[in-house]
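Visitor:
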Amino acid sequence: MTTLGTHNLLDGKGEATPFADVILFTEAPRRVRNESLDLYRVYSCKRQWDLAIAVGGDLAGDDFREHYKRALPFSVRKVTPNRGTYWITEDVEKVAILVEHRINAAFPPYKRGEGLFRRLGWEMHTRMTLRIVRRLKRQGYTVYAGGDPNTPRGVSGYRGALKEVGNGLDRLGSTRRLVDVEVLSKNGSDHHRLRARVA
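Per our numbering, the very first residue in the sequence shown carries number 1; after that it's consecutive.
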């Protein structure tokens with residue numbers, strides 16, 4: 001793999017395109033489909049339908065196992081939908097790829113209200129993801145992660161557990177250094193696509 005990317009598809013309004021070797025999709029439609037992704041293996045989370053991972057490049061032929069862990073024991077309509085962390089692992093080359101979409105508006109000015117609940121939910125999800133990442137690293141996996149952790153400027157999404165790039169709400173993280181970071185067009189979404197090369 002040489003490039004890692006993430007794109008929030010705005011509940012399917014954005015167009016899923018092949019702009020990196022591995023692409024982490026958030027707010028994806030139930031099944032990410034696009035003829036331009038035919039050379040990718042697309043893994044869609046069955047327990048949280050808006051998360052998907054498209055694997056291309058030299059990893060496209062590998063067999064990955066799917067995993068999911070829910071972040072909160074409940075969801076509140078119009079406050080936080082079902083949120084969790086979805087990841088796939090490949091045991092021969094020891095690669096793990098993780099995508100997540102954490103609760104939004106969890107930092108001041110709490111544009112959608114529910115500041116205390118949202119902040120606690122975001123923290124719970126963050127701690128859970130970091131536990132997953134640290135466990136995978138202990139098991140010898142190279143970890144690639146990202147998505148839409150709704151982390152504002154100046155706040156780390158991976159708190160030193162991964163090398164992190166991205167300046168907006170969307171981030172990429174890796175156990176390997178990420179270089180040549182690019183902010184690309186939105187492609188129909190309200191989020192820019194983010195791409196980085198794995199050093």
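Each residue gets a CB set at the ideal place from its N, CA and C atoms; glycine is no exception.
Taking only the alpha-carbon atoms, compute the straight-line gap between residue 136 and residue 165 and give it to the nearest angstrom.
Guide: 20 Å
Visitor: Alpha carbons only, please: which of 178, 129, 88 is nearest the one belonging to residue 102?
Guide: 129
Visitor: For residue 81, which residues from the same chain have a beta carbon less than 7 Å from its beta carbon, with the 5 sequence-adjacent residues on both sides left out?
Guide: 75
Visitor: With 16 as the cutoff for other CB atoms within 10 Å, does residue 190 come out buried or exposed?
Guide: exposed
Visitor: Could you tell me which uninterrupted alpha helix (DSSP H) segments, each at least 4 residues in length, are contained entirely in the region 19-94, listed from first to last along the chain?
Guide: none
Visitor: Is the region 165-179 touching the region 143-157, taking contact as three or more C-beta pairs under 8 Å?
Guide: yes
Visitor: Our contact map puts residue 141 next to residue 96 with C-beta atoms below 8 Å; I'd like the distance itself, whole angstroms only.
Guide: 4 Å
Visitor: Excluding sequence positions up to five away, which residues of its chain have a Cβ less than 6 Å from the Cβ of residue 181?
Guide: 165, 196
Visitor: What do you reckon, are the CB atoms on residue 68 and residue 84 nearer than 7 Å?
Guide: yes
Visitor: Just to confirm, is the Cβ distance from residue 122 to residue 106 under 7 Å?
Guide: yes
Visitor: Can you list, in chain order, the residues of its chain whose CB lies under 8 Å from that of residue 40, leaving out five sequence neighbours each side?
Guide: 18, 23, 54, 55, 56, 60
Visitor: Count the other C-beta atoms from every protein chain shown that fall within 10 angstroms of the C-beta of residue 174, then say buried if there are 16 or more, exposed otherwise.
Guide: buried
Visitor: Please list the terminal residues of the continuous beta strand (DSSP E) segment that includes residue 165.
Guide: 163-165
Visitor: For residue 38, count neighbouring C-beta atoms within 10 Å of its own C-beta (all shown protein chains included) and say buried if the count is 16 or more, exposed if not.
Guide: Taking all protein chains shown into account, residue 38 has fewer than 16 neighbouring C-beta atoms within 10 Å of its C-beta and is therefore exposed.
Visitor: Nearest-angstrom Cα distance between residue 31 and residue 89?
Guide: It is roughly 20 Å from the alpha-carbon of residue 31 to the alpha-carbon of residue 89.
Visitor: Under a Cβ-count criterion, where at least 16 other Cβ atoms within 10 Å of its own Cβ denotes burial, should residue 237 be classed as buried or exposed?
Guide: Outside the displayed span of the chain (1 to 199) sits residue 237, for which this structure offers no information.
Visitor: If you drop the 5 nearest sequence neighbours on each side, which residues of the same chain put their C-beta closer than 6 Å to that of residue 70?
Guide: 84
Visitor: Give the DSSP-derived three-state secondary structure of residue 132 in the structure shown.
Guide: helix
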